[in-house]
Structure formats: structure tokens, C-alpha cells
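Each remark here refers to the structure printed beneath this line.
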């Protein structure tokens, strides 16, 4: 089975949004403050917005998100919102 | 001249940022193995370290996805939270690798400005000797199918080694990646450690060439899509035997650090 596939073109805005959550510090900070606004600006569909707001990995992947982008966007959001969760030892 | 050192390293970011989800002692054992690579690099005094790594959709997004590439800027930089890195690039060597690679039929992407992925800087954080030699970042697409085949990666490594053998610089080759892990999937907490162990046994016997028989589907199934970076190194070191510095299976990752006698 394929764990990683070339995402469908229709999910480009969703993957771009996840990519920026992973790699763009300014974008991630704005997302933490105003998620709905940032997701709307990123051109996400209502379905995609609901899945991302809930951080529902399975739903996001079903909508065409690349699994690694979901994983690392969530990892970086945790680093942003809970500093105590890192440099633990 | 021939390679002066060759090593492969895991690069999972948890080794760097140390969240409480990780086993402290295991992480420190991997750090100790990295320290052995650092000692090897210090002892072999490379003029440049060529780092083969898989981009984690950091330098290249879906706007442009190269199979194989070379960074040919003057310096490169990458960031992961508060970890902020900048490395000098051995520009003459990088350009020469690019030009020779194209000449030999490898249609390489090149860039003078893309952000460096953690797959490059996590191993360098732990293994770069002082004073730090410049690096040459070499990209392999691992996360965005269709990726280059294991055979093609091996052939690129063979061509690279042939070319470097004729250069005046002392070059160390560092492959970053692996082993089994499945980030973002249901398999995240159940990597294929048996695949890793069998593969490492083959490498210890100098049988790296056999890995060219693996398919992309084999690598995906085993959580080893990043093994493509090791395949470049294996092409470069040929039938040299691997010296296993550590294999530390964590709850999500087969952490290996390996060196080859070159």
C-alpha cells in the first residue's frame, strides 16, 4: 500500500496551508490567533476548514492532504503553543 | 581523491528538540553515536562535507519537485523553532558536481536560494567538527511520489564517487535519513524494525549493491522512503562494509547511525 502519494491538484490550497503552518513562522502565529480568518484567506473549503480546525488527521488526508504535512503542521503548532513540551531533557 | 569518510545518520527532529514523548536514554545513546561520526569527521579533515538528504517538503513544495538536486549558493540556512542554522557552501565543488552530473546524464535541479530542511541540519548539529568545513547539500525527493528509483539513486552515488575521486578536495559523504518510520499515518507507532535489522546485516557484510533490487513500493511498505539517501551513499562506497554505530528503535522510529570504511 502507498503511505504517501502525490496529492490531488484540488487539494493544493489545503496542502499549501499545511505547508505554511509547518514552515512559515508568521503564518503559523496568525493561524493560532485567528484560525478562521487565516483559513478563509488560504482559500480552504468549509469541509477543509472544519477538518483543519479539529486537527482531524484522517479527514484531512481523505480530503487530499499529504500525511507528512499534516503531521509536521501539528508538531509545529504544538511547539508554538506549548513550549514546555520541548527541551524536556 | 576518493572519499575520506562516509556515514549515514537518522535525523528525526525529536533528537534535536527532545519532547517528553521520547525515551531520554535512547536519545542520548543516539547522540553518543553522532559524537562518533563527529570524531570521524574531525579525524579525516574533510575540505567539504557533501550531505545527501531528503527534503521534507521544506525547500520544495508542490510548486516544483525535483528528483535530485544540488544547492549551489554561497551559503544556506534553515530554521526549526528556535534552532536556526547557517552553513557555508563549498561553491566551487557544488558547481563542479552539478556540471559533471549534468554531463553524465543526471538532469539535476539546482538552486542558489531555498531553505534548508532539518534533514540536513539535525545531523550537522551533532556531527559538524570544529572548525566547520563548508558543505554541499544534495537533494533527493523522498516524500512526494513519484520519487527516483533506488537504482537511480545508487547510480547517482556511483557517478558522484567517480567524479570526486578525480577532484583535489578531501570530501566526506553524509547521508541523512531513515530508518523505518511512518509520520502522519496509522503506522506511526509501529515501524518495521525487522526490515531495518535485516538490511543493516546486509550492509555490515558489504552487500549494499543488493538494495538496488528494492522497488519504491518496497521502501514505502517498510517505512523506508528515506533510504534513497542511503542508496546514493551506497553507490558511492560500493561494497565497503558498514560499521554500525547504533540502531535504536524508538516507539516511532528506527534510529540508525552507520559509518563505512572507505
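Residue numbers (the numbering used here), protein chains in the order written: chain H, 3 to 91; chain Y, 5 to 266.
Just so it is clear, CB atoms sit at the ideal spot from N, CA and C, and this is done for glycine as well.
Keep in mind it's a predicted model, so treat the numbers as computed, not measured.
Test: residue i CB closer than 7 Å to a CB of chain H
i                     : result
residue 224 (chain Y) : yes
residue 85 (chain Y)  : yes
residue 188 (chain Y) : yes
residue 65 (chain Y)  : yes
residue 262 (chain Y) : no
Test item: CB-CB of residue i and residue j under 7 Å
i                     : j                     : result
residue 180 (chain Y) : residue 11 (chain Y)  : no
residue 226 (chain Y) : residue 190 (chain Y) : no
residue 259 (chain Y) : residue 14 (chain Y)  : yes
residue 165 (chain Y) : residue 256 (chain Y) : no
residue 169 (chain Y) : residue 6 (chain Y)   : yes
residue 241 (chain Y) : residue 249 (chain Y) : no
residue 102 (chain Y) : residue 69 (chain Y)  : no
residue 137 (chain Y) : residue 53 (chain Y)  : yes
residue 80 (chain Y)  : residue 64 (chain Y)  : no
residue 141 (chain Y) : residue 55 (chain Y)  : yes
residue 161 (chain Y) : residue 41 (chain Y)  : no
residue 24 (chain Y)  : residue 90 (chain H)  : yes
residue 104 (chain Y) : residue 167 (chain Y) : yes
residue 208 (chain Y) : residue 246 (chain Y) : yes
residue 32 (chain H)  : residue 40 (chain H)  : yes
residue 8 (chain H)   : residue 154 (chain Y) : no
residue 46 (chain Y)  : residue 133 (chain Y) : yes
residue 5 (chain H)   : residue 224 (chain Y) : yes
residue 88 (chain H)  : residue 81 (chain H)  : yes
residue 37 (chain H)  : residue 11 (chain H)  : no
residue 220 (chain Y) : residue 158 (chain Y) : no
Sequence-distant residues of its chain with Cβ nearer than 7 Å to residue i (five each side left out)
i                     : result
residue 65 (chain H)  : 13, 16, 49, 50, 53
residue 152 (chain Y) : 71, 72, 144, 145, 232
residue 106 (chain Y) : 112
residue 71 (chain H)  : 17, 20, 21, 24
residue 75 (chain H)  : 20, 23, 24
residue 244 (chain Y) : 210, 264, 265, 266
residue 32 (chain Y)  : none
residue 95 (chain Y)  : 76, 78
residue 99 (chain Y)  : 76
residue 50 (chain Y)  : 8, 9, 137, 174, 175, 176
residue 293 (chain Y) : The first residue shown for chain Y is 5 and the last is 266, placing residue 293 (chain Y) beyond what the model contains.
residue 45 (chain H)  : 15
residue 4 (chain Y)   : The structure shown has nothing for residue 4 (chain Y), since chain Y only spans 5 to 266.
residue 114 (chain Y) : 73, 74, 76, 102
8 Å Cβ shell around residue i - same chain, five flanking residues per side excluded
i                     : result
residue 48 (chain Y)  : 8, 9, 174, 176
residue 206 (chain Y) : 212, 214, 215
residue 30 (chain Y)  : 252, 254, 259
residue 83 (chain Y)  : 89, 119
residue 93 (chain Y)  : 75, 76, 77, 78, 79, 80, 138, 139, 140, 141
residue 85 (chain Y)  : 21
residue 35 (chain Y)  : 19, 130
Under 8 Å from the C-beta of residue i: neighbouring residues of chain Y
i                    : result
residue 8 (chain H)  : 148, 149, 150
residue 71 (chain H) : 61, 188
Proximal chain H residues relative to residue i, where beta-carbon distance stays under 7 Å
i                    : result
residue 22 (chain Y) : 88, 89, 90, 91
Cutoff 7 Å: residue i Cβ touching any chain Y Cβ
i                    : result
residue 15 (chain H) : no
residue 29 (chain H) : no
Within chain H, partners of residue i - CB distance below 9 Å
i                     : result
residue 229 (chain Y) : 5, 6
Chain-order list of residues whose beta-carbon lies under 6 Å from that of residue i (same chain, five-residue window excluded)
i                     : result
residue 230 (chain Y) : 58, 146, 181, 182
residue 77 (chain H)  : none
residue 37 (chain Y)  : 249, 250, 261
residue 218 (chain Y) : 154
residue 26 (chain Y)  : 18
Cutoff 7 Å: residue i Cβ touching any chain C Cβ
i                    : result
residue 57 (chain H) : In the displayed structure, chain C is absent; the protein chains listed are H and Y.
Practice item. Give the residues from the stretch 31-64 of chain H that approach chain Y closer than 9 Å (Cβ to any Cβ), ordered along the chain. Key: If the cut-off is 9 Å between Cβ atoms, the stretch 31-64 of chain H has 59, 60, 63 near chain Y.
task: Note down, in chain order, all residues in the stretch 23-45 of chain Y with a beta-carbon under 7 Å from any beta-carbon belonging to chain H.
output: From the stretch 23-45 of chain Y, only 23, 24, 28 have a Cβ closer than 7 Å to chain H.
Within 9 Å of chain H by C-beta, residues of the stretch 170-197 of chain Y in sequence order: So the close ones are 186, 187, 188, 189, 190, 191, 192.
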